[in-house]
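As structure tokens, the structure follows; a few thoughts come after it.
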Amino acid sequence: MEPPRTIPIFIQDRKNRVVGGVIGHVFGGWLYVELLWVEESLRNKGNGTKLLKMIENEAVKLGCKHAHLDTFSFEARPFYEKHGYTLFATLDNFPEGHSKHFLKKRLP
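For the numbering used here, count along the sequence shown from 1 and bump the result up by 380.
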């Protein structure tokens, strides 16, 4: 089995400032999306979708068949579900009054 690999992908503005990015880890045929972030002023313009597709494509090139991630109830669960991720577990009251959701997806 190959050792884990990290995939960092960033987007920059015209001033070369990092304004978004995604970091994932590949291991055992799975991509784990650790972090996906887009500067608030650039949200809802397709940048998050672009980053997610980019990291999924890189993972497929590395032999991944699946992806998984986690998100909090106050974050982006609907965004990930819109992109084909399905809920497989929830940790309630983490933090108190909220939930942490775990989602997965089969990659092409």
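Every residue gets a Cβ at the ideal spot worked out from N, C-alpha and C, and that includes glycine.
Residue i: first and last residue of the uninterrupted beta strand (DSSP E) it sits in
{"i": "Arg486", "result": "479–486"}
{"i": "Glu455", "result": "Note, Glu455: premise wrong, no beta strand (DSSP E); not H, not E."}
{"i": "Phe468", "result": "466–472"}
Residue from the options with nearest C-alpha to residue i
{"i": "Met381", "options": "Leu483, Gly409, Gly401, Ile387", "result": "Gly409"}
{"i": "Lys425", "options": "Pro383, Ile389, Phe459", "result": "Phe459"}
{"i": "Gly464", "options": "Asp472, Ser453, Leu449, Asn427", "result": "Leu449"}
{"i": "Gly428", "options": "Leu411, Lys441, Ile403", "result": "Ile403"}
{"i": "Leu442", "options": "Phe474, Tyr412, Ser453, Phe452", "result": "Tyr412"}
{"i": "His481", "options": "Leu422, Glu461, Ser453", "result": "Ser453"}
{"i": "Lys433", "options": "Ile389, Pro383, Asp472, Asn473", "result": "Ile389"}
{"i": "Phe474", "options": "Glu461, Thr451, Lys462", "result": "Thr451"}
Integer-rounded CB distance, given that residue j should sit under 8 Å from residue i
{"i": "Leu483", "j": "Glu436", "result": "13 Å between Cβ atoms; not a contact."}
{"i": "Val406", "j": "Arg385", "result": "5 Å"}
{"i": "Ile391", "j": "Glu438", "result": "Contact doesn't hold; Cβ gap of about 14 Å is too wide."}
{"i": "Ala447", "j": "Lys485", "result": "5 Å"}
{"i": "Gly401", "j": "Leu422", "result": "At roughly 12 Å, the Cβ-Cβ gap does not stay under 8 Å, so Gly401 and Leu422 are not in contact."}
Bounding residues of the alpha helix (DSSP H) (the contiguous stretch that carries residue i)
{"i": "Leu431", "result": "427–441"}
* To do: Count the C-beta pairs between the region 467–478 and the region 411–419 that are closer than 8 Å, then say yes if the count reaches three, no if not.
  => Per the Cβ contact rule, the region 467–478 is not in contact with the region 411–419 (fewer than 3 Cβ pairs under 8 Å).
* **Length at least 3, wholly inside the region 382–415: the beta strand (DSSP E) runs in chain order** => Entirely contained in the region 382–415, the beta strand (DSSP E) runs reaching 3 residues are, in chain order, 385–392, 398–407.
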